[in-house]
Amino acid sequence: MRTIRYTLLASIAFLMFSVSAPKSHAQINITIGAEPSCPYGYYDFEPYNCAPYGYYGPKWFVGGRFVGAVKWFHGPANFHGHVNNAYDPRHGYKGPMPAHGPAQQHPDNFKSFKPTETHDSGGHPVPEDHGGHK
490 MRTIRYTLLA
500 SIAFLMFSVS
510 APKSHAQINI
520 TIGAEPSCPY
530 GYYDFEPYNC
540 APYGYYGPKW
550 FVGGRFVGAV
560 KWFHGPANFH
570 GHVNNAYDPR
580 HGYKGPMPAH
590 GPAQQHPDNF
600 KSFKPTETHD
610 SGGHPVPEDH
620 GGHK
């Protein structure tokens, strides 16, 4: 009698542990939002404010249009482009900032552009030996 009871309890325990919970099919929706519309591109860091003319170098523009940065980047793979951190508010820039508005054709006048750093498409600095500026 005891053997039957232990066998029955063991069978019930085995069934309880072997029955798996129903699989959950989680659905995750991430909304990035619209790309900021700025005349000379937007900073590659939050809150993605409009960058002033001179922050981005020529590689960041194709046909006069900004190729985007971070989550809205739409340029080539393994991209590296120059920036001028003198126009970065995190580095002390307090000059004029353009307002959000329709993106304009970039004037493609980079003769006076002075690069200070190279960034990848995600806004991360790239060391000089990996595509940095001269």
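For the sequence shown, this note's numbering begins at 490 and goes up steadily by one. Glycine included, each C-beta is placed from N, C-alpha and C at the ideal position. Please read these numbers as outputs of a predicted model, since none were measured by experiment.
query, result
"Can H580 be considered in contact with the ligand FMN, in the sense that its beta carbon sits closer than 7 Å to one or more heavy atoms?", "Questions concerning the ligand FMN fall outside what the structure shown contains, since it holds no ligand whatsoever."
"Within the same chain, show all residues whose beta-carbon is closer than 6 Å to that of G543, passing over the 5 residues directly before and after it, in chain order.", "N573, Y576"
"Where K623 and E524 are concerned, what is the direct C-alpha to C-alpha distance, given to the nearest angstrom?", "Reliability fails at K623, whose pLDDT of 42 lies under 50, so the model's placement of it is uncertain and the value that follows must be treated cautiously. Distance between the alpha carbons of K623 and E524: 31 Å."
"Thinking C-alpha only, which one of F562, G552, S601 is nearest F534?", "F562"
"Looking only at its own chain, which residues have a Cβ that is under 6 Å from the Cβ of F599, when we skip the five neighbours before and after it?", "P547"
"In the structure shown, what three-state DSSP assignment does E535 receive?", "coil"
"Going by C-alpha distance, which of P604, K560, A540 is nearest G584?", "A540"
"Helix, strand or coil for V551, going by three-state DSSP, please let me know.", "strand"
"What does the alpha-carbon distance come out to for the pair D609 and V615?", "6 Å"
"Under 7 Å Cβ to Cβ from Y582, same chain only, skipping five residues before and after it: list those, please.", "A575, Y576"
"H569 and C527: beta carbons closer than 8 Å?", "no"
"If you check the beta carbons only, do H704 and T607 fall under 8 Å apart?", "Because residue 704 is not part of the residues shown, which for the chain are 490 to 623, the question remains open."
"Going by other Cβ atoms of all chains shown within 10 Å of its Cβ, with 16 needed for buried, is G552 buried or exposed?", "exposed"
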